[in-house]
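**Q**
Protein chains in written order, with this note's numbering: chain A, 2 to 112; chain B, 2 to 322.
(1) Return the CA-CA distance between residue 197/B and residue 39/A, expressed in angstroms with no decimal places.
(2) Taking a cut of 8 Å between CB atoms, which residues from the region 265-286 of chain B lie near chain A?
(3) Taking only the alpha-carbon atoms, compute the straight-line gap between residue 95/A and residue 75/B and give it to the nearest angstrom.
(4) Would you list, in sequence order, the uninterrupted alpha helix (DSSP H) runs of no fewer than 4 residues that lie entirely inside the region 107-137 of chain B?
(5) Counting along the chain, where does the beta strand (DSSP E) carrying residue 283/B start and finish?
(6) Looking at the unbroken beta strand (DSSP E) that takes in residue 69/B, where does it start and where does it end?
(7) Taking residue 107/B as the reference, give the member of 21/B, 180/B, 259/B, 287/B with the closest Cα.
(8) Is it buried or exposed for residue 1/B, if we count other Cβ within 10 angstroms and need 16 for buried?
(9) Roughly how many angstroms separate the alpha carbons of residue 285/B and residue 276/B, rounded to a whole number?
(10) Count the other C-beta atoms from every protein chain shown that fall within 10 angstroms of the C-beta of residue 65/A, then say buried if there are 16 or more, exposed otherwise.
(11) Quick one: what's got a C-beta closer than 8 Å to residue 218/B's C-beta in the same chain, skipping five residues either side?
(12) Does residue 101/B come out as helix, strand or coil in the three-state DSSP assignment?
(13) Out of 71/B, 30/B, 98/B, 161/B, which one is the CA nearest neighbour of residue 117/B?
(14) Just the C-alpha distance for residue 303/B and residue 76/A, rounded to the nearest angstrom, thanks.
(15) Which same chain residues, not among the five before or five after residue 17/A, have their C-beta less than 7 Å away from its C-beta?
(16) DSSP three-state call for residue 62/A: helix, strand or coil?
(17) Let me make sure I understand the geometry here. Which of 85/B, 101/B, 256/B, 53/B has the alpha-carbon closest to that of residue 37/B?
(18) What are the start and end residues of each continuous alpha helix (DSSP H) run of 4 or more residues lying completely inside the region 186-227 of chain B, in chain order?
(19) Start and end of the alpha helix (DSSP H) containing residue 299/B?
(20) Mind listing which residues of the region 77-94 of chain B have their C-beta closer than 9 Å to chain A's C-betas, in chain order?
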């Protein structure tokens, strides 16, 4: 059951990536375990949001720290993508790279 | 070996997506058990579209629950028709089966999503929840910024009122305003369309309210008129207290353990929908899910989407102004 859902998800995502001409570079998580990947992603998001707990980073080994660095650079690079900018324009409550519950619709509308 | 990735090579991790989905499904099941209901989630960071209604209607038929239904909604608005269709379909479907239809608003359900909410028998709201006005928006191309933006249809009417007041006070300015209006390319039928769009939003709201929360036609009309004409700013937040006291909506104000579970689900969706870094080159902009079913809408990061969200009459003429 879980495997079926995984396969379905994979097919769906591959189809979307190919539809948009995005090169799929592996839907696996490389040599990071699922837990490590989640941790790396969470810390990278916290860094980008500016609310990182320093002990989270100091507890990382070299491999994970490098992954966090790469992830942060990746996220910052996404900030200017037209897709996210369009989403921000259509939804004044949404801010790419902000936590989902931060809302600054009024100030954005006043720009 | 140190794992380094170029921007395009960040792995998305299907297992991560699967784990996140399982976590959401688990919380949905917990809530269903606790509230003896069947939960549908419409978590839409983008505009509400007609296809969202078709998706939800398919899911409703597939799930065909025999317990009360709760739709968890997050949406900034979008197609008023989609909001009306979802609200109406769920309202009538549950009514036929003597079930209750509730709309749960963990954060915001604005504009067209507010119309959707008016179809419920009860709104489940907490301290963070908000709904908003239902006056229609029209697209206007901002040439200085090179992008489409929405303005409330009422601002055009307000602008014209202002012009007529000025002309009355200073007749010599009529020539100047004539030029301004000419540049705006406004015609009589455009103005007629705006008025019709405004009235149509009220009709949707009134139809939904009389079938659910406010059976009395006069009272329902009063509520939709406040929702359409009273608020000056389309983003005006209406909280649970105002919804109950001023709009006379049936609000189940929720806090404590139940609200805490609703917030947990909220956080799980916020951690997923609209969040970059999960799927290379794309984000999920809308997730429509139950504990058993899921449909996601993807948004390609490299492609800017055209700003299109309006009433159908106005949509036919995107260059209305």
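Ideal Cβ placement from N, Cα and C applies to all residues, glycine included. Keep in mind the model is a prediction, meaning the values are calculated, not measured.
**A** On the basis of the supplied data:
(1) Each residue's Cα considered, the two are about 50 Å apart.
(2) For the region 265-286 of chain B, the set of residues with a beta-carbon nearer than 8 Å to any beta-carbon of chain A comprises 267, 268, 270, 271, 272, 274, 275, 276, 277, 278, 279, 280, 281, 282, 283, 284, 286, in chain order.
(3) Here the C-alpha atom of residue 95/A lies approximately 11 Å from the C-alpha atom of residue 75/B.
(4) Correct list: 113-118.
(5) Taken as a continuous stretch (DSSP letters only), the beta strand (DSSP E) holding residue 283/B covers 283-290.
(6) It spans 69-75 - the beta strand (DSSP E) in which residue 69/B sits, taken as one unbroken run.
(7) Residue 259/B is the option with its Cα nearest to residue 107/B.
(8) Look at the range of chain B in this structure, 2 to 322, and you will see that residue 1/B is not part of it.
(9) If you take the alpha carbons of residue 285/B and residue 276/B, they lie about 7 Å apart.
(10) By the 16-neighbour rule on beta-carbons within 10 angstroms, residue 65/A is buried.
(11) Close CB contacts of residue 218/B within its chain, under the 8 Å cut and outside five residues either way in sequence, are with 207, 211 (chain order).
(12) The answer is coil: DSSP assigns residue 101/B none of H, G, I, E or B.
(13) The residue from 71/B, 30/B, 98/B, 161/B with its alpha-carbon nearest to that of residue 117/B is 71/B.
(14) Roughly 14 Å separates the two Cα atoms.
(15) So no residue of the chain qualifies.
(16) Reduced to three states, the DSSP call for residue 62/A is coil.
(17) The candidate whose alpha carbon is nearest that of residue 37/B is 101/B.
(18) If we require 4 residues or more, the alpha helix (DSSP H) runs fully inside the region 186-227 of chain B come out as 189-211, 218-226.
(19) Here residue 299/B belongs to no alpha helix (DSSP H); instead the beta strand (DSSP E) covers 295-301.
(20) For the region 77-94 of chain B, the residues whose beta carbon sits under 9 Å from a beta carbon of chain A are, in order, 77, 78, 79.
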